[in-house]
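Residue 72 in numbering that gives the first Met the number 0 is what sits at position 73 of the sequence shown, and the numbering runs on without skipping anything. Everything below concerns the one structure shown next.
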Amino acid sequence: MTRLYVVTGAPGAGKSTVIPELVRLHSGNLVVMDMDELLDHEGKVLGIDIADSTAAANWPAYNALWLRITELIRRSGTPMLLLSPLVPREMPEGRWLHLDCPDSVRRKRLAQRGWSDQHIAEAIADAAEIRKLVPRSVPGEGTPEESARLILAWVDE
C-alpha cells in the first residue's frame, strides 16, 4: 500500500499551524490531514470530547478510525501525511517524524490558549515521551513555512 507519513508532536508544537503551509507547498500527490480535523468547533467527535482524559476509553477507537481513513485514501495510490499527537505504539503504521519545540515555547503557546498549569505540564511530559519514542525531529519554533519545508523534505527522502 502507498506510504503513510505521520508527523507527531505534543500540544503546542505547531502541528495545526503548519498545515496550511504543508498544503500550499507540497507538490504532486499528497493528502495532508490533522487528526483534529474530525473534531467540531467544541473539540468533540460524535459528541465526545476526545481530548479529555475521561474519554481515554474511546482513544483506541478514534485511532483505529484514523488508521482506516488513511487506508481508504492510500488505496487510491495517494500517499498521506497525517499530523497527530500519537506515538507509534498507538498507531503502529507509517514512517514517523517529530515536530518539536523547546518547552519554553510550548509553555508560552499553551498559556496563550488559556491552558491551565496542570495541562501545560502534561503537554511538556508528553513532549518528553515523544522525544524518546520518535527521535527524528524537525523544529516547530520557527515560521510555519520553515517547518513545512523541513517536513516535506523528509517526505521526499
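Backbone N, C-alpha and C fix where the C-beta goes; we use that ideal spot for every residue, glycine too.
For P143 and V30, believed in contact at Cβ under 8 Å, the rounded distance: Walking along the sequence shown from the start, residue 30 turns up at place 31. Walking along the sequence shown from the start, residue 143 turns up at place 144. Between P143 and V30 the Cβ distance is about 19 Å, and since that is not below 8 Å, they are no contact.
Cβ shell of D33 (< 8 Å), same chain only, five flanking positions each side left out: Here residue 33 corresponds to residue number 34 of the sequence shown, with the count starting at 1. Only K14, S15, I18, L81, L82, S83 meet the Cβ criterion.
C-alpha distance - L3 paired with M90, whole-angstrom precision: As a working note, residue 3 is residue 4 in the sequence shown. As a working note, residue 90 is residue 91 in the sequence shown. Using only the alpha carbons, I get a separation of about 11 Å.
H40 (DSSP reduced to helix, strand or coil): Counting from 1 along the sequence shown, the entry for residue 40 is found at position 41. Residue state, collapsed to three classes: coil.
Range covered by the alpha helix (DSSP H) that runs through T69: Position 70 of the sequence shown, counted from the start, is the residue given in the question as residue 69. From DSSP, the alpha helix (DSSP H) with T69 extends over 58 to 73.
Through-space distance from A120 to E140, alpha-carbon basis: Working through the sequence shown from its first residue, we reach residue 140 at position 141. Working through the sequence shown from its first residue, we reach residue 120 at position 121. Roughly 18 Å between the two C-alpha positions.
Beta bridge counterpart(s) of L3 as assigned by DSSP: Taking the first residue of the sequence shown as 1, we reach residue 3 at position 4. DSSP lists M79 as partners of L3.
L85 - DSSP class collapsed to helix/strand/coil: As a first step, residue 85 must be located in the sequence shown, where it is residue number 86. DSSP places L85 in coil when its eight states are reduced to three.
Among G93, R88, P87, nearest to K79 - alpha-carbon criterion: The count along the sequence shown starts at 1 and reaches residue 79 at position 80. It is worth fixing the name first, because residue 79 is Met in this sequence and not Lys. Of the candidates G93, R88, P87, the one whose C-alpha sits nearest the C-alpha of M79 is G93.
7 Å Cβ shell around A50 - same chain, five flanking residues per side excluded: Looking up residue 50 in the sequence shown gives position 51. Correct list, in chain order: G42.
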